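Offset between the sequence shown (1-based) and my numbering: plus 1085.
Ideal Cβ placement from N, Cα and C applies to all residues, glycine included.
In this text the structure is predicted, and so the values were computed from the model without any measurement.
Reviewing the structure listed below.
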Amino acid sequence: MDVLKVSTKSNPNSVAGALAGVLRENGKAEIQAIGAGALNQAVKAIAIARGFVAPHGMDLVCVPAFIDINIDGEERTAIKLLVEPR
């Protein structure tokens, strides 16, 4: 499954477009965000993507979870958002 990595500087509209594309292709998607700003951009992107896929009869749900990832040899805790149709 493709993992979309979102940062504080990510454009929510761009992430929403990528998210909608992954959902249409795979039926589900995973978003990873580290920090409050990145999580904010990710949630905005999910809200925007709902509008993109709604005309195709898709209603999205999001399941949050913690995930430990390794960045430059350092262990970090990220939020993983699993997005899939209801």
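Three-state class that DSSP yields for residue i in the structure shown
i, result
"ILE1156", "strand"
"ARG1161", "strand"
"LYS1113", "coil"
Own chain residues within Cβ distance below 8 Å of residue i, not counting five before or after
i, result
"ASP1153", "GLU1160, ARG1161, THR1162, ALA1163"
"HIS1141", "ARG1109"
Residues near residue i in its chain [Cβ-Cβ closer than 6 Å; skip 5 each side]
i, result
"GLY1122", "THR1093"
Residue j beta carbon less than 7 Å from that of residue i
i, j, result
"ALA1130", "PRO1170", "no"
"VAL1107", "VAL1100", "no"
"VAL1148", "GLU1115", "no"
Contact set for residue i: own chain, Cβ-Cβ below 7 Å, skip 5 residues either direction
i, result
"GLY1120", "THR1093"
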